[in-house]
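**Student:** Residue numbers (my numbering): 2 to 190.
Laid out in structure tokens, this is it:
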């Protein structure tokens with residue numbers, strides 16, 4: 002039974018977000034898969050300001066491997082990457098966002114304990130699992146392609162040796178025919 006069937010009323014619209022939509026909000030920062038506070042606030046149906054307040058009130062629950070604040074450079078880089086982060090007054094936060102790892106998002110469910118937050122947290126965890134599975138499949142596929150590439154490059158060397166052996170055999174046959182067709186000298190019966 003999916004989480005969409007569990008929801009009713011206005012929550013059903015929010016829960017209708019499929020895993021693909023949530024997966025697009027998962028980014029790689031500092032070599033970790035993370036979601037940003039403004040994306041999470043949107044998914045949880047709260048203001049980003051309120052989400053940050055809740056996190057700051059419970060900061061001991063969010064060690065650096067669960068959540069970190071982006072640097073100004075990282076934030077500027079993100080703003081150039083996302084068309085949704087427009088420049089202008091009121092268009093974006095003046096403070097860098099928080100980035101939450103998978104564990105940090107799980108911890109958010111304890112900080113934001115509404116039914117909506119719990120159900121959305123389940124959907125987000127499923128999206129992280131799907132991303133992890135895709136990465137594993139990609140890694141396996143990349144390993145197989147590398148194995149094929151090595152095999153093919155080895156085949157090139159082997160084909161070169163085969164061609165050389167064939168040329169040697171043809172040369173030996175030509176020499177043998179030349180020896181057979183030569184004028185014989187000496188005593189003949």
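We put the CB at the ideal spot given by N, CA and C, even for glycine.
Closer than 7 Å: is that where the CB of residue 179 sits relative to any heavy atom of the ligand NAD?
**Tutor:** With respect to small molecules bound, the structure shown includes none, and the ligand NAD cannot be examined in it.
**Student:** Once DSSP output is grouped into helix, strand and coil, what is the label at residue 187?
**Tutor:** For the purposes of this step, residue 187 is taken as residue 186 along the chain shown, with counting starting at 1. Three-state result, residue 187: coil.
**Student:** Return the first residue and the last residue of the alpha helix (DSSP H) that residue 53 is part of.
**Tutor:** Against the chain shown, residue 53 aligns to sequence position 52. Element bounds for residue 53: 49-58.
**Student:** Beta carbon of residue 23, beta carbon of residue 118: below 8 Å?
**Tutor:** The count along the chain shown starts at 1 and reaches residue 23 at position 22. The count along the chain shown starts at 1 and reaches residue 118 at position 117. Contact flag unset, no.
**Student:** From which residue to which residue does the alpha helix (DSSP H) around residue 99 run?
**Tutor:** For the purposes of this step, residue 99 is taken as residue 98 along the chain shown, with counting starting at 1. Premise fails: residue 99 lies in the beta strand (DSSP E), 99-101, not in any alpha helix (DSSP H).
**Student:** Can you tell me where the alpha helix (DSSP H) with residue 39 in it begins and where it stops?
**Tutor:** Stepping through the chain shown from its first residue, residue 39 is reached at position 38. 38-45 is the span of the alpha helix (DSSP H), which, as asked, contains residue 39.
**Student:** Assign residue 122 to one of two classes, buried (16 or more other C-beta atoms within 10 Å of its C-beta) or exposed (fewer than that).
**Tutor:** Within the chain shown, residue 122 is the residue found at index 121, counting from 1. Buried is the call here.
**Student:** In terms of DSSP beta bridges, what is residue 33 paired with?
**Tutor:** Your numbering for residue 33 matches position 32 in the chain shown. Per DSSP, 30.
**Student:** Looking at C-alpha atoms only, which residue of 25, 65 and 158 is the closest neighbour of residue 1?
**Tutor:** Nothing can be reported for residue 1, as the shown portion of the chain is limited to 2 through 190.
**Student:** Could you say if the region 40-50 and the region 128-144 meet the contact criterion of at least three C-beta pairs nearer than 8 Å?
**Tutor:** No, they do not touch.
**Student:** Can you tell which of 35, 145 and 44 has its C-alpha closest to the C-alpha of residue 101?
**Tutor:** The residue given as residue 101 occupies position 100 in the chain shown. The candidate whose alpha carbon is nearest that of residue 101 is 35.
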